[in-house]
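Chemist: End of the sequence shown sits at 1570 in the numbering used here; the numbers just go up one at a time, nothing left out.
Following this message is one structure expressed as structure tokens.
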Amino acid sequence: MGLLPQTRLLPCLLLFTLLSVGHFKSVGADHCVWYGECDPSVKVPDKKYNCNYTGPPKPLEPEGYELLMELCPDLDYGNRSICCNVDQLRTLKGSLQLPLQFLSRCPACFFNLMTLFCELTCSPHQSQFMKSTNVTKNNVIEVQYYIGQTFANAMYNACKDVQAPLSNSPALSLLCGKDASQCNATNWIEYLFDINNGQTPFSIVPKFSDAPVSVFNPMNNHTFNCTEGLDDGSGPCSCQDCTPACGPMPVPPPVLPPWTILGLDAMVVIMWLSYMGFLLVFVGAVVGTWCYRKRTIMSEYGPILDSNSPLSLNSDNPDQVNASCCETLGERFENSMRIVFSSWGSFCVRHPLLVILGTVALVTAASGGLFYMRIITDPVELWSSPDSQARQEKDYFDNHFGPFFRTAQLIITTPLTEPDMYDPYFPGPMVPFHPVLTIDFLHQVLDLQLSIEDIVATYEGQNVTLNDVCLSPLAPYNNNCTILSVLNYFQNSHEALDRSIGDGFYIYADYHSHFLFCVGAPASLNDTTMLHDPCLGTYGGPVFPWLALGGYDGTNYNNATALVITFPLNNYKDDTEHKGKAMAWEKEFINFMKNYSHPNLTVSFSAERSIEDEINRESNSDISTILLSYAIMFIYISLALGHIESCGRILVDSKISLGIAGILIVLSSVASSLGIFSYFGVPLTLIVIEVIPFLVLAVGVDNIFIIVQTYQRDERLPQEELHQQIGRILGDVAPSMFLSSFSETVAFLLGALSNMPAVRTFSLFAGLAVFIDFLLQISCFVSLLGLDAKRQEGNRLDMCCCVKLPEGQETKTEGCLFRFFKKVYAPFVLSEWVRPIVVAVFVGMLSFSVAVVNKVEVGLDQKLSMPDDSYVLDYFKNLSEYLHTGAPVYFVVEDGLDYRSLEGQNAVCGGVGCNNDSLVQQVYAASQISNYTTMAYTPSSWLDDYFDWVKPRSSCCRFYNGSGAFCNASVVDPSCVHCRPMTPEGKQRPTGEDFMHFLPMFLSDNPNPKCGKGGHAAYASAVDLLKNGTEVGATYFMTYHTILKESPDYITALKMARDLARNISDTVNHKVFAYSVFYVFYEQYLTITYDTALNLCVSLLAIFMVTAVLLGFELWSAVLVSCTIAMILVNMFGVMWLWSISLNAVSLVNLVMSCGISVEFCSHIVRAFSVSVKSSRVERAQEALATMGSSVFSGITLTKFGGILILALSKSQIFQVFYFRMYLAIVLLGATHGLIFLPVLLSYIGPSANKAKVAAANIRFAGTEREHLLNY
């Protein structure tokens, strides 16, 4: 953060000292009022009164010629007869140093100011406009100075817009005794001449009039407007310092009105009309078809009666099949998969030990990579790709300027309500001070602040204090820590806070007056009240009121309702030891604040490590919730797999051991995936650990239920052995499992193309885990199923197979859920009048979701990442409620710009002669419409302050004549000479070698009372010097964003900053980028909509292609699967809008996962429909729903439902929103679409039966007991 130079009002007042009043006698126009210096002033002992003198002007001594030319060139004519001597000129120069440093940015302004003081101090016509009204012992004690109102107004108008670049505030705030907004021409000059300002040694009473007053002609010399150049060749003031030079104020583009139709949201109207149109057409078609069938006595089951249909089972010539080439190819592909899987299943059952031990060995080897597992907890690594623009810009900034500092921050409010009314000594209205600014409250806050400064932490056996880790910009000259607190206006001292000046009747100055001065001039080293205390913080820099106060209105800082105390700490990129010390101190700070309480202080707080600590605590606290969720799912799986034939066989028919084995296989696939990628050094994220088990459990358990329940419903054929039966069953169901698993794997792996690290990592791990799970299920689980079947046939107990029950008759019966789906559910859903209702409802859901999909918010509310009971939530709340300024933003100029040339300087700077579209000018223009651009202030400019610092009139830039070493302005040594001569060339900006010669001096100069422009504190890190200080590399110009509260605010700020930086780069013809600490987290939201669409579309395309191939090249079936999954995804957006779930990386991962889980709900049903040999679409849909629906329902829906409900108990808000809500929506939408809508859709527009598959089925099952199954 930039630090302000110390500014003092005393320079102005000192000027007036020299300009001491002359005793006026009516002697003539060419007579003086004073000449020379006499006794020390009573009011300001270190200054002197001017000597009373009423004679004619005296020729100036030759040694003062150069000084007169420098200060008052208009008086440098003739024999230089003036009313001042060399001592007065020297005093004048010393007094004008600070005004010079701040107002000389605008030559016209400074010229007018110098005219005011030169005429006062040295004019040979003093007696025309000055009158001494009090002369004591030859000392001029008081004068009246008649000033033309026109002159005063012109001088003020030329100066009112001049900026102090370091403080981003008007320079008059430092020179007017009050905020610049309350300053005008007369009260500014009155303040400069006021004896009570602590700087003027005698009273100068200004009298303003354009008309002569008695015998006096007011001083009304020629002035220059800020838009005019001076006679010496100085150019007009810059736009930044002269509003009239800017032309028209920038106007933000108009806000686009919302898209409406008849005053209603356009998308809602369009989708409503579309839905109504669809209903009209669809209902008409349904009614028309029903009437037509009824009139012609036709039934949709007619094909069954058609004995000549090649699909009819009653066909007289089943060998006569008119199958197309594609149908034949599909049947052969299907048959090949059936043969391969049947053979493999038979092998696994015949050699269970070999298969099980082999898979255990492979899983163990793969899982061994977990020893190399690395979990990403750094939010930057988690959310920002190393190749992203924000990440590269952050790395560039960190490498050239060091990482952005860490912070520990307090926001303090109070339950007290009684304000403190301050009655100023100078006439004016009463000023209310909010309770947080009462003196007792400030003492209590200071006690807290000092206690925090005394915190001692321990790191690896070493004590760590705040001084060890804090930011000290002036070290080693000043080791005080940077503390941004209003108490730094009082040097963090109880004594300074209690200081007051007064008598028995009235208090002239106290903490009230000092506070009011400091909030207007935070960089001042000496306030203009009678206290004369500094405002500059003890660390050597200013404390801006907008950083230390909150809850105020406008610039009425006395109305602040909150105090903000910030402790910036040093940050380290690759230094683990120093970073560890900082984190250790932060930990002690957090512990101290958790235990702190005070009845008058309500404190919210946060440290740099707070969010990461709270996320880790949240993760640990949610472990029990997650384990309970999985435990419920495990118990359900273990119990639901069994098919109990009778109470006597409950211990035999149960399949708890097989269920546990299935769960272990699912977990093994997850462990193998994590291990394999860990071998290759791919790090994990918390999202992977939390989400992938849920996903693989959904996929894996579904497949387990399909295998087991198909076996339970199957009847062994004559002469068929167990291994043949299980092999045949696997041949029937494995292609469906392969279809779903391979579709998901390909979809996930394609999702790894995402630039978002969290999404990419999840997709990689998920894709491999799903495929490994499939391989383990068709190998290890099939072997275990064979062993369990032998156990069951041998009447041995589950979980205790050594115990055998007496022989009993085993009967095969259908399960309750299967019977329900077969006899009740499927016929009902697919009944003639239910199907249209289903279509209407689901299309209505789709229409609603499409209408609101563009209304889903983008971003992640950081409060959601915190536990419900986190102390950080109070901090976030107060941060949003009270703070008035956003994060710092740096406009970084990459190395390569030639600052030694005028062209390079003009492209960047903001002062006289700089381009109107320079970097500083463009940011300044943006700050004028801050509500649109989010740029709050003019940027602090090291280049402009350097130009002011190096000016020959300034006392800042000096060096020892002998050694050439830098000589600070506070050093009194005759061997110190100015860096640049008072020649026309010397007055110009330094270029070439001169520029680089003095720049290191500027960057090492500490601000002091004689030179507030020293750049060490403010700019030491802003300029990257190369080649031992002989070249300028990268530099930055810092400003602040406006207050940013919600994710959309941060996203808008990032977009605006980048647009501005891009425009600057184009005009400067050099790379400039904007950087702020939050950009790496919010960059993802600039493209999240595109990334989401791309990821989901790629996944859908992959599912379509895999489904089309594995279903035997049935493209229409693949289209229906893809459309149904797309509907689920669109409806997920509808749920997100209804349930206030924003779109971000976490929800995108869940959407990608829902795409995979939806395949499970849909692909099994569609494949069962595809291989069905029933004669009509309705019958085929019924058969598919009956055979696969029960397994899908019990395997995914019921398994997940119980586990998901437990997630609602989580203390983590992010779990409640992004896991409980989204998981519940995924399961419910997947189940309803897969088990209700898809069968209905297939019954209407499903693909026709594959003639080749029907013929093959007829041949394959002819003469077997399974032939009746073809008739359902």
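All C-beta atoms, glycine included, are put in the ideal place defined by N, C-alpha and C.
Do you know offhand how far L366's Cα is from Q442's?
Modeler: Numbered from its first residue, the sequence shown carries residue 366 at position 68. Numbered from its first residue, the sequence shown carries residue 442 at position 144. Straight-line Cα distance between these residues: approximately 24 Å.
Chemist: Just how far apart, CA to CA, sit P552 and Y1230?
Modeler: Taking the sequence shown and counting its residues from 1, the one referred to as residue 552 is at position 254. Taking the sequence shown and counting its residues from 1, the one referred to as residue 1230 is at position 932. Distance between the alpha carbons of P552 and Y1230: 10 Å.
Chemist: With DSSP collapsed to three states, give me the class of S1438.
Modeler: As a first step, residue 1438 is located in the sequence shown; it is residue number 1140 there, counting from the start. Coil.
Chemist: Along the alpha helix (DSSP H) that carries P866, what are the first and last residues, could you check?
Modeler: Start at 1 with the first residue of the sequence shown, and residue 866 comes out as number 568. Element bounds for P866: not the alpha helix (DSSP H) but the beta strand (DSSP E), 860 to 867.
Chemist: If you follow the alpha helix (DSSP H) that M1054 is part of, which residue opens it and which one closes it?
Modeler: Sequence index remark: in the sequence shown, residue 1054 carries index 756 (1-based). Note, M1054: premise wrong, no alpha helix (DSSP H); not H, not E.
Chemist: Where G420 and Y1197 are concerned, what is the direct C-alpha to C-alpha distance, given to the nearest angstrom?
Modeler: In the sequence shown, the residue the question calls residue 420 occupies position 122. In the sequence shown, the residue the question calls residue 1197 occupies position 899. Residue identity check: residue 420 is Cys in the sequence provided, not Gly. Approximately 40 Å between the Cα atoms of the pair.
Chemist: How long is the line joining the alpha carbons of L1352 and I710, rounded to whole angstroms?
Modeler: Walking along the sequence shown from the start, residue 1352 turns up at place 1054. Walking along the sequence shown from the start, residue 710 turns up at place 412. Roughly 29 Å between the two C-alpha positions.
Chemist: By DSSP, does I781 sit in helix, in strand, or in coil?
Modeler: Start at 1 with the first residue of the sequence shown, and residue 781 comes out as number 483. The answer is coil: DSSP assigns I781 none of H, G, I, E or B.
Chemist: Using the beta-carbon count (16 or more within 10 Å), is T662 buried or exposed?
Modeler: Looking up residue 662 in the sequence shown gives position 364. T662 is exposed by the Cβ-count criterion.
Chemist: Can you list, in chain order, the residues of its chain with a C-beta nearer than 6 Å to that of V1444? Leave out the 5 residues immediately preceding and following it.
Modeler: Locating residue 1444 in the sequence shown gives position 1146, where the first residue counts as 1. Once the five neighbours on either side are set aside, the close Cβ partners of V1444 are F1516.
Chemist: By a C-beta neighbour count over all protein chains shown, 10 Å radius and 16 as the cutoff for buried, is H520 buried or exposed?
Modeler: Counted from its first residue, the sequence shown places residue 520 at position 222. That one is exposed.
Chemist: What does DSSP give as the partner residue(s) for K505 in the beta ladder?
Modeler: For this step, residue 505 is matched to residue 207 along the sequence shown. According to DSSP, which records beta bridges pairwise, K505 is partnered with Y444.
Chemist: M1299 to L411, Cα distance in whole Å?
Modeler: Position 1001 of the sequence shown, counted from the start, is the residue given in the question as residue 1299. Position 113 of the sequence shown, counted from the start, is the residue given in the question as residue 411. C-alpha separation (whole angstroms): 29 Å.
Chemist: Does DSSP classify D526 as helix, strand or coil?
Modeler: Stepping through the sequence shown from its first residue, residue 526 is reached at position 228. Residue identity differs from the one stated: residue 526 is Glu in this sequence, not Asp. The answer is coil: DSSP assigns E526 none of H, G, I, E or B.
Chemist: For T675, is the classification buried or exposed, using 16 other Cβ atoms within 10 angstroms of its Cβ as the cut-off for buried?
Modeler: Counting from one through the sequence shown, the residue named residue 675 turns up at place 377. The residue in question, T675, is exposed, as its Cβ has fewer than 16 Cβ neighbours within 10 Å.
Chemist: Going by beta-carbon coordinates alone, are R1475 and G1532 separated by less than 8 Å?
Modeler: In the sequence shown, counting from the first residue as 1, residue 1475 sits at position 1177. In the sequence shown, counting from the first residue as 1, residue 1532 sits at position 1234. No, they are not a contact pair.
Chemist: Could you give the distance in angstroms between the alpha-carbon of T1390 and the alpha-carbon of Q687?
Modeler: As a working mapping, residue 1390 is identified with position 1092 in the sequence shown. As a working mapping, residue 687 is identified with position 389 in the sequence shown. Distance between the alpha carbons of T1390 and Q687: 19 Å.
Chemist: Give every residue of the same chain whose Cβ lies closer than 7 Å to the Cβ of V584, excluding the five residues on either side of it in the sequence, and list them in chain order.
Modeler: On the sequence shown, residue 584 is found 286 positions in, with the first residue counted as 1. Around V584: P1134.
Chemist: Please classify W1131: does DSSP put it in a helix, a strand, or coil?
Modeler: As a working mapping, residue 1131 is identified with position 833 in the sequence shown. Three-state DSSP puts W1131 in coil, outside helix and strand.
Chemist: Would you report the Cα separation of D718 and A1506, rounded to the nearest angstrom?
Modeler: Residue numbering aside, residue 718 sits at position 420 when the sequence shown is read from its first letter. Residue numbering aside, residue 1506 sits at position 1208 when the sequence shown is read from its first letter. Cα to Cα, D718 sits roughly 49 Å from A1506.
Chemist: Does the distance from the CB of Y1348 to the CB of P1186 come in under 8 Å?
Modeler: Along the sequence shown, read from residue 1 onward, the residue named residue 1348 stands at position 1050. Along the sequence shown, read from residue 1 onward, the residue named residue 1186 stands at position 888. Result no, Cβ atoms of Y1348 and P1186 do not sit closer than 8 Å.
Chemist: Excluding the 5 residues preceding and the 5 following A1550 in the sequence, name in chain order all residues of the same chain whose CB lies nearer than 6 Å to its CB.
Modeler: As a working note, residue 1550 is residue 1252 in the sequence shown. If we look at A1550 and ignore the five residues flanking it on each side, its Cβ neighbours are A621, E625, T626, E629.
Chemist: So the beta strand (DSSP E) L708 belongs to, where does it begin and stop?
Modeler: Numbered from 1 along the sequence shown, position 410 holds the residue referred to as residue 708. Looking at the DSSP string, the run of the beta strand (DSSP E) that includes L708 is 704 to 711.
Chemist: Could you pull out every unbroken alpha helix (DSSP H) segment of at least 4 residues lying fully inside the stretch 635 to 659, listed in chain order?
Modeler: Complete alpha helix (DSSP H) runs here, min 4: none at all.
Chemist: Who are the near neighbours of S1492 in its chain, counting only those whose CB is closer than 8 Å to its CB and skipping five residues on each side?
Modeler: For the purposes of this step, residue 1492 is identified with residue 1194 of the sequence shown, where counting begins at 1. For S1492, where only same-chain residues beyond five positions count, the Cβ hits under 8 Å are A938, F1003, Q1007, L1115.
Chemist: Give the single residue among I1534, L473, G878, F992 whose Cα lies nearest to the Cα of G818.
Modeler: Taking the first residue of the sequence shown as 1, we reach residue 818 at position 520. Looking at the Cα atoms, L473 is the closest of the given residues.
Chemist: Do C1277 and R1256 count as a contact pair if the criterion is CB distance below 8 Å?
Modeler: The sequence position of residue 1256 within the sequence shown is 958, counting from 1. The sequence position of residue 1277 within the sequence shown is 979, counting from 1. Contact flag set, yes.
Chemist: Just tell me which of M1434, I1070, I987 has its CA closest to the CA of A1056.
Modeler: Along the sequence shown, one-based indexing puts residue 1056 at 758. Ranking M1434, I1070, I987 by Cα distance to A1056 puts I987 first.
Chemist: Could you check where the alpha helix (DSSP H) with G1454 kicks off and where it finishes?
Modeler: Reading the sequence shown from its first residue, position 1156 is the one you call residue 1454. Per DSSP, G1454 belongs to the alpha helix (DSSP H) from 1443 to 1469.
Chemist: Got a sec? Which residues, its chain only, sit under 7 Å from G1142 by beta carbon, not counting five neighbours each side?
Modeler: Locating residue 1142 in the sequence shown gives position 844, counting from the first residue. If we look at G1142 and ignore the five residues flanking it on each side, its Cβ neighbours are Y573.
Chemist: Decide if F669 is buried, meaning its Cβ has at least 16 other Cβ atoms within 10 Å, or exposed.
Modeler: Taking the first residue of the sequence shown as 1, we reach residue 669 at position 371. By the neighbour-count rule (16 or more Cβ atoms within 10 Å), F669 is not buried but exposed.
Chemist: Who does W557 pair with in a DSSP beta bridge?
Modeler: By one-based count along the sequence shown, residue 557 stands at place 259. Its beta-bridge partners do not exist; DSSP assigns none.
Chemist: Taking M1451 as the reference, give the member of L1082, M565, L1048, L1301 with the closest Cα.
Modeler: As a first step, residue 1451 is located in the sequence shown; it is residue number 1153 there, counting from the start. The shortest Cα separation from M1451 among L1082, M565, L1048, L1301 belongs to L1048.
Chemist: For the stretch 871 to 883 and the stretch 733 to 746, state whether three or more C-beta atom pairs, one from each stretch, are separated by less than 8 Å.
Modeler: These segments do not touch.
Chemist: Taking all protein chains shown into account, decide if A1553 is buried (16 or more other Cβ within 10 angstroms of its Cβ) or exposed.
Modeler: The residue you call residue 1553 lines up with position 1255 of the sequence shown. A1553 comes out buried.
Chemist: Determine whether the beta carbon atoms of V1210 and C535 lie at a separation below 8 Å.
Modeler: As a position in the sequence shown, residue 1210 is number 912, starting the count at 1. As a position in the sequence shown, residue 535 is number 237, starting the count at 1. A contact, by the Cβ cut-off of 8 Å.
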